[in-house]
Amino acid sequence: MQHLIGSGRFSFLLAVMTLFILPAWACADEPAYSVGLGFEFASGKYGTGIRTDSIYMPFTATVYPTERLDFSLEIPFVYQSSSAVVAGQYMGMQGQSGMQSVVAAMNGMGSSGSMTSASAGSVNNSHSGLGDIKLKAGYVLYTEEKYVPAIRPNVYVKIPTADKNKFLGTGEFDEGFAVELTKWFGSWFADGEAGYVIQGKSSVIAVKNYLNYYAGAGYQLTERLRPMVLLKGTTPTVNGAASQLEARLRVKYQFAKHTGIDGYLAKGITTASPEYGMGLAVFYEF
Numbered sequence: 054m055q056h057l058i059g060s061g062r063f064s065f066l067l068a069v070m071t072l073f074i075l076p077a078w079a080c081a082d083e084p085a086y087s088v089g090l091g092f093e094f095a096s097g098k099y100g101t102g103i104r105t106d107s108i109y110m111p112f113t114a115t116v117y118p119t120e121r122l123d124f125s126l127e128i129p130f131v132y133q134s135s136s137a138v139v140a141g142q143y144m145g146m147q148g149q150s151g152m153q154s155v156v157a158a159m160n161g162m163g164s165s166g167s168m169t170s171a172s173a174g175s176v177n178n179s180h181s182g183l184g185d186i187k188l189k190a191g192y193v194l195y196t197e198e199k200y201v202p203a204i205r206p207n208v209y210v211k212i213p214t215a216d217k218n219k220f221l222g223t224g225e226f227d228e229g230f231a232v233e234l235t236k237w238f239g240s241w242f243a244d245g246e247a248g249y250v251i252q253g254k255s256s257v258i259a260v261k262n263y264l265n266y267y268a269g270a271g272y273q274l275t276e277r278l279r280p281m282v283l284l285k286g287t288t289p290t291v292n293g294a295a296s297q298l299e300a301r302l303r304v305k306y307q308f309a310k311h312t313g314i315d316g317y318l319a320k321g322i323t324t325a326s327p328e329y330g331m332g333l334a335v336f337y338e339f
């Protein structure tokens, strides 16, 4: 029954994305595309007595049927050094909001943790494999004006392709929606997003629906170089866990006409966040 419910939600989100995409695609003369390959590393104890190192490597393909509309597919490879966390909540490096940190799905060793279904004898085992595939659609509803920011709502669905028995995912469909605001002030800019994620009920960890957000500011240092600082976090993603919050220094550099890099360094602020992390992605636009 739960599988049918998840499939029904997936079909609904897919239909919403289709309503976004098809009308604009029909009017587009020549869609633009981009592909990217990313690498992200995060490390932390997440309130437990076990340090977990996580690697996330997403391949992302994005199509822009119009200047306002984008539609992306993310296929990731995931590695984690223990089963104390569930590596199920990431956002792709190519996305405006950057990558989500590993879910603080505790194994019960910390006072605020929620237990995964890993046994004490296997919690230190490392696992790797295909992560959860994600589909995302965004649309610039309102372009920026002198006193008004650009407004871009987006929706996404997570397809449970990761092996839940290896704790690489929750084994359930997730859906989410968010609204991003962007405003330029000369060479300075401000960027922020707030959203809500509906998680499918999982046998791996006691997940709950949550709010996610980020807010930051940056400066167009040169025509090709754009650094920014931001805070990103979520309300608790599992029962009994704390909220997530981390600070990031992010840099985007366009080193060729169609090729650029996007990297960041991260420092966790709350126990549910990784203690530190880093990420780097290379993308090509054509």
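Adding 53 to a residue's 1-based position in the sequence shown gives its number in the numbering used here.
Think of the CB as a built atom: it goes at the ideal place given N, C-alpha and C, for glycine as much as any other residue.
*Rounded separation between Phe-94 and Arg-205 - CA only*: Locating residue 94 in the sequence shown gives position 41, counting from the first residue. Locating residue 205 in the sequence shown gives position 152, counting from the first residue. Approximately 28 Å between the Cα atoms of the pair.
*Glu-199 in three-state terms, based on DSSP*: Start at 1 with the first residue of the sequence shown, and residue 199 comes out as number 146. The sequence given here places Lys at residue 199; Glu does not occur at that position. In the structure shown, Lys-199 sits in coil (DSSP, three-state: anything other than H, G, I, E or B).
*Determine the extent of the beta strand (DSSP E) in which Tyr-86 is found, giving its start and end residues.*
The residue labelled residue 86 in the question sits at position 33 within the sequence shown. From DSSP, the beta strand (DSSP E) with Tyr-86 extends over 85-97.
*Report yes if the CB atom of Leu-122 is closer than 8 Å to the CB atom of Tyr-192, and no otherwise.*
Sequence index remark: in the sequence shown, residue 122 carries index 69 (1-based). Sequence index remark: in the sequence shown, residue 192 carries index 139 (1-based). In contact: Leu-122 and Tyr-192 (Cβ atoms closer than 8 Å).
*Please state if the CB of Ser-255 and the CB of Thr-290 are separated by a distance shorter than 8 Å.*
On the sequence shown, residue 290 is found 237 positions in, with the first residue counted as 1. On the sequence shown, residue 255 is found 202 positions in, with the first residue counted as 1. No, the Cβ-Cβ distance between Thr-290 and Ser-255 is not below 8 Å.
*Identity of the residue in Gly-293, Asn-262, Tyr-249 and Thr-323 nearest Leu-340 by Cα*: Within the shown structure, residues of the chain are numbered from 54 to 339, placing residue 340 beyond reach of any answer.
*With DSSP as the reference, label Asn-177 as helix, strand or coil.*
To locate residue 177, count along the sequence shown from 1; it is residue 124. Of the three classes helix, strand and coil, the one that applies to Asn-177 here is coil, per DSSP.
*Pick from Tyr-272, Asn-262 and Thr-312 that is closest to Gly-89, judged by C-alpha positions*: One-based indexing of the sequence shown puts residue 89 at position 36. Taking only the C-alpha atoms, the option nearest Gly-89 is Thr-312.
*Using 7 Å as the cut-off, classify the Cβ of Val-88 as near or not near the heavy atoms of the ligand COA, replying yes or no.*
This structure does not include the ligand COA; it has no bound ligands of any sort.
*Backbone secondary structure at Asn-218 - three-state DSSP*: Working through the sequence shown from its first residue, we reach residue 218 at position 165. Asn-218 falls in the helix class under three-state DSSP.
_Beta-ladder partner(s) of Asp-106, from DSSP_ = Indexing the sequence shown from 1 puts residue 106 at position 53. Per DSSP, Ser-96.
*Could you check how far apart the C-beta atoms of Phe-92 and Leu-333 are, in whole angstroms? I think they sit under 8 Å.*
Looking up residue 92 in the sequence shown gives position 39. Looking up residue 333 in the sequence shown gives position 280. So it is a contact: roughly 5 Å between Cβ atoms.
*Select from Tyr-209, Glu-198, Val-176 and Val-282 the residue whose C-alpha is nearest the C-alpha of Lys-236.*
Counted from its first residue, the sequence shown places residue 236 at position 183. For Lys-236, the nearest C-alpha among the options comes from Glu-198.
*Whose C-beta lies closer than 6 Å to the C-beta of Met-331 among residues of the same chain, with five residues either side of it excluded?*
For the purposes of this step, residue 331 is taken as residue 278 along the sequence shown, with counting starting at 1. Closer than 6 Å at Cβ, skipping near neighbours: Phe-94 and Leu-318.
*asked:* Taking only three categories from DSSP, how would you classify Met-162?
replied: Along the sequence shown, one-based indexing puts residue 162 at 109. Summary for Met-162: the model assigns pLDDT 31, below 50, so the residue's position carries little reliability; its value from the coordinates is reported in the next sentence. Three-state DSSP puts Met-162 in coil, outside helix and strand.
_Quick check on this structure: which residue in Met-110, Ala-137 and Val-139 has the alpha carbon closest to the alpha carbon of Val-131?_
By 1-based counting over the sequence shown, the position of residue 131 is 78. Val-131 has its Cα closest to that of Met-110, out of Met-110, Ala-137 and Val-139.
*Considering only residues of the segment 232-287, which uninterrupted alpha helix (DSSP H) runs meet the minimum length of 4 residues and lie entirely inside it, listed in chain order?*
none
_Which listed residue (Tyr-195, Arg-104 and Ala-243) has its alpha carbon closest to that of Met-281_ = Along the sequence shown, read from residue 1 onward, the residue named residue 281 stands at position 228. Measuring from the Cα of Met-281, the nearest candidate turns out to be Ala-243.
_Taking 8 Å as the threshold (C-beta atoms), are Ala-247 and Tyr-263 in contact?_
Working through the sequence shown from its first residue, we reach residue 263 at position 210. Working through the sequence shown from its first residue, we reach residue 247 at position 194. Cβ distance not < 8 Å, so Tyr-263 and Ala-247 don't count as in contact.
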